[in-house]
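I have placed the structure first, in the form of structure tokens, so that the comments after it can refer back to it.
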Amino acid sequence: MLKQAAAIFLTALFSLGLYSQTAAQFTFQNTPLLQIIEVVEQQTGYRFLYRESQLASVKLSFEAAQEDLIPVLETRISPYGLSLQADTSRKQIVIFKNVKASSKDMEVSGQVVDAQTGERLPFATIFWNTPKGKKGVSGNASGVFNFSAVPRDSEFTFEVSYLGYQNRTVSLKKNNGNTYRDVTVRLQPTALQSSEIIVTGSTYLPANSDTIYRNFVNTGVLNPFGENNTTRALQSLPSVNITTAVNNGINIRGSSSDATNILLDGITIYNQSHLFGLLDSFNPNALQNAGFFYDVAPADFQSPPGGTLSMLTKTGSLNQLEYAAGLSNTAFNASIHGPLIKGQSSWFFSGRSSYLNQFNWFQNDKLIAFGLDIDRPAEVSSGNLPGLNSRLTTPGDYDAAFFDLHSKLYFEFENGGRLMAGSYYGADDVSQQAQRLVRRFNSDNPGQRFTREQVETDNNWGNFSSSISYRVPLSPSIYSNSLAAISIYNSRFSKDDFVYNRTEQGGGKVEVFTFPLSNESVFNEIKLNQSIDWNPDHSRWTLGTSFQYFMGEYFEESFDRPGFFTSFETGLFDLYIQTEFNLYNILDIHAGSRLHYYTNGNYLYASPRLKMQLFQNRPVSISAGYSRNYQFTHRLSFYNVSSPDVWIISTDEQPPTVSDNFTAGLYLRPFSSILFQIEGYHKRLDNARLFEINAQSLTGTFDAPPWLYNNNGVSRGLEFMLRLYFEELSLTNSYTLSEATFTNPALMDGETFFAQWDRTHSYNTTAKYRLFSTLTTFASFSYTSGAPNRLYFLQLEEQERLDNYQRIDVGLEYRTTLEDAEIEASFSVFNLLDRDNPWYREMNLVIDRSVPAERRRLLPRSVDVYDLGFQPSFNLSIMF
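What the sequence shown shows, in mature numbering (1 follows the signal peptide of the UniProt record, and there is no 0), is residues -20 to -1, 1 to 860, in sequence order.
Put into structure tokens, the structure is as follows:
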């Protein structure tokens, strides 16, 4: 209130100096134009559309009555190569570059920015009405757009939309040669914004995209640790597998989780989650809306078989200092940003750090043990032995910490050029003590057959990345993008009592024992990229080249490999081209290709991509597409232990994974609030990687790599989604019928087997209902068929799949504004009904308590391990 009162007082004082007693009068002496705009907006109610750096160096001196202000202002800015146009009905003034050009069609170029901070809004949607329906374009990663259109009246009107912002309508008159350059559209954010992901099968959103057609998902609720989790939010989509609380990533359309590329500011992040997949590696307050490409990805993304999730760090406000802080049941986070030179440059810094060691609430200790495979909920699935104890470990003390840091410097120039330098550093350091019951003969007490042994599990990783990029318009229709980036990743994992299985030749019997396992890895990437965007009339082209250098090491100390070590390095050169155009106003075509030259083996690969959509933006539309994708980097992970990610590369002897992906879709939109879609896919994979321990097939060779590489697979599926979007209620229902299988000559005599992530049926329904303007409820129900039974794969059991998986999650979100602060609080429960959901089945050691103590022994038995049970969480944040 004191701030508001002071502002009113100062405004009144200032106004007295600007107005005479008889008539409104504006008087400025060598005043920055940005300051003039602030005063005029306060005094008149007009809103200006402008770019800060375009006006930052402009200072004006003039006097004008209010009724003469607009023509006087237009005259004064003309010497700076600027012009303006006023829309009195909307009380809106557009400032643009004054150019001498003429065109029969209306030619418009510019950018879309946040009205409060001046930050660019990437991939915003610009659309307008034509006699044949709506038509439009989307901006690029810098929010820049360019289009030409035939005006029907004396004015040309178009609309701009962006997720989480109010739409803005702009009208331009048929004069000035019909050419408008450097038009800036400023979008006002909604009262409070969510962290959301824009989901699309290709790079270009429909011309009149809105919230229902973009299929956005909210990442801010229904998470076990109270923090945003992007991968968990994506599971409401039919193309993404529903996974357990602890996971190693997402599986998209039958691909392994390492086949999805996670980008931050254009460079790969090699460990995408903290604490075993329970929360993202990125502070949500540091990110702009992310883009998810799951279908035929555009050629300007390398995009392995599982698609790409691309995120951009915020650049910070060009206008004022802003800051935010948040608290969840696991971590504290804060961010601060503001201008270096107002209107021209900005800085951004954000950090998040856990406090798990300081406060053990909401079962944090159990979550740590659960993630490290210590005392997970389980029961013996066979044997019919009374009193059988399936767990032999007792958790002890733990030490758990994680953090992530984001920073960015941003400079914007008068010509629209943008220079950005950003960095990220995230890390986990988790250890857990435990006591394991082991069999040990005691000569002093022959009746005591067991003793407790101290064991420890350690899980550590760190990922640093940094990038510098320069984006600049070379002409109204040509845009240059330059990027140099580096990502440095290291990991270390050790478990004193790792459980090994040795299967006899031909199956039928398995030996189970514990032995230490540890591994360490280093993986570094250097990336250079240069691309040119060209937007001629009625089409869009992107041409580019990139170079990536990979270097890494992997060391393993295990039962079969006491000292396995490998190192590697390679280079990857790419040329790519992508285009978009429309034929006969009914067929949209997106076509492109990448040409890869891989130095490890001197291989040359082509990656063509084609997506066609008929009757886009009509009540009924259909699509078809094809893409070939290559995967040159591969991640190793355990099926039962969420260890840090370990990455290796393709080699001359072990070629890259290649995927041929065919897709088709039918889209029905009978009303603006209803979307129904059916998509189908058929994907063929060659040379996929599987970690050997996941196959439970110890080879007994010390020098062989601990992974199998000649795996060939087929995945296919039908995906259904119905989305209803109303003012108070949104409801998303998705169902997938799918199959993912592999063959390998070294496994099961080359017979077909199901992938670990294969689920025949998957169903998810997510509801969001706004009870009041400030209070929203969320609920989600997930169901999948049972996971493939690993013991069936080993020919130890006849049951092919585990029991079905079902889970209900609920949440509440409260948002309000208090004076100058925005407050958000959420509370959620994972697995509300505390259901025992089968996660996996394995052979493990148990102790037989059905016999007298002197006869007890450790027995190998099949054990069902369950997913996380009832887990509450909260999140509180405040923004200034």
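From the three backbone atoms N, C-alpha and C, an ideal C-beta is built for every residue, glycine too.
Fair warning: this is a prediction, and the values are worked out from it, not measured in the lab.
- Taken in chain order, the complete beta strand (DSSP E) segments of 3 or more residues contained in the region 725 to 810 are 741 to 750, 755 to 764, 785 to 798 and 801 to 810.
- One alpha carbon belongs to Asn784, the other to Gly766, and they sit about 4 Å apart.
- DSSP places Ile57 within a helical segment (H, G or I) once states are collapsed to three.
- In this structure, DSSP gives Gln434 an extended state, which the three-state scheme calls strand.
- Judged by DSSP in its simplified three-state form, Thr24 adopts helix.
- Boundaries of the beta strand (DSSP E) harbouring Gly551: Pro542 to Leu563, taken from the DSSP string.
- Taken through DSSP and simplified to helix, strand or coil, Lys346 comes out as helix.
- In terms of CA proximity to Leu292, Arg100 leads the group Asn158, Asp377, Arg100 and Ser325.
- Annotation for Pro650: Pro599 place their beta carbon closer than 7 Å to its own, counting only its chain and skipping 5 residues before and after.
- A straight-line Cα-Cα distance of about 14 Å links Pro59 and Lys80.
- Rounded to whole angstroms, Gln779 and Glu536 show a C-alpha spacing of 34 Å.
- With respect to Asn690, Phe722 sits apart: the two C-beta atoms are not nearer than 8 Å.
- Here the region 64 to 79 makes no contact with the region 113 to 122; the two share fewer than three CB pairs at distances below 8 Å.
- DSSP, read as helix, strand or coil, puts Asp48 in helix.
- Thr288 and Ala270 have their C-alpha atoms spaced approximately 10 Å apart.
- For Ile222, the three-state secondary structure derived from DSSP is coil.
- Going by DSSP, Arg482 is part of the beta strand (DSSP E) stretching over Ile458 to Thr483.
- Contact between the region 704 to 711 and the region 745 to 755 is present: three or more C-beta pairs spanning the two stretches fall below 8 Å.
- Looking at the backbone, the Cα of Thr559 and that of Leu152 are separated by about 28 Å.
- Looking only at Leu399, Glu436, Gln5 and Phe391, the smallest Cα-Cα distance to Gln413 is reached by Glu436.
- Linking Ser122 to Gly397 through their CA atoms gives a straight-line distance of about 10 Å.
- In terms of CA proximity to Pro319, Thr97 leads the group Tyr794, Thr97 and Leu704.
- Going by beta carbons, Tyr534 and Ser511 fall outside the 8 Å limit.
- Counting of Cβ neighbours within 10 angstroms places Tyr250 among the buried residues, the total reaching 16 or more.
- Note on geometry: alpha-carbon atoms of Gly246 and Ile506 lie some 11 Å from one another.
- In the structure shown, the three-state DSSP call for Pro264 is helix.
- Residue environment analysis places Asn10 among the exposed positions, since fewer than 16 neighbouring C-beta atoms fall within 10 angstroms of its C-beta.
- Residue state for Ala833 is assigned as helix, using DSSP reduced to three classes.
- For Ala129, the enclosing beta strand (DSSP E) stretches over residues Val124 to Ala129.
- Uninterrupted alpha helix (DSSP H) stretches at least 4 residues long and entirely within the region 283 to 360 occur at 344 to 351, given in chain order.
- When rounded, the separation of the alpha-carbon atoms in Ser447 and Asn582 is 28 Å.
- Counting only the Cα atoms, Pro516 lies some 13 Å from Asn562.
- When rounded, the separation of the alpha-carbon atoms in Glu804 and Asp384 is 21 Å.
- Secondary structure at Asn158: helix, using DSSP grouped into helix, strand and coil.
- Under the DSSP assignment, Gln510 falls in the beta strand (DSSP E) whose first and last residues are Val490 to Trp514.
- Here the alpha carbons of Pro496 and Phe539 stand approximately 7 Å from one another.
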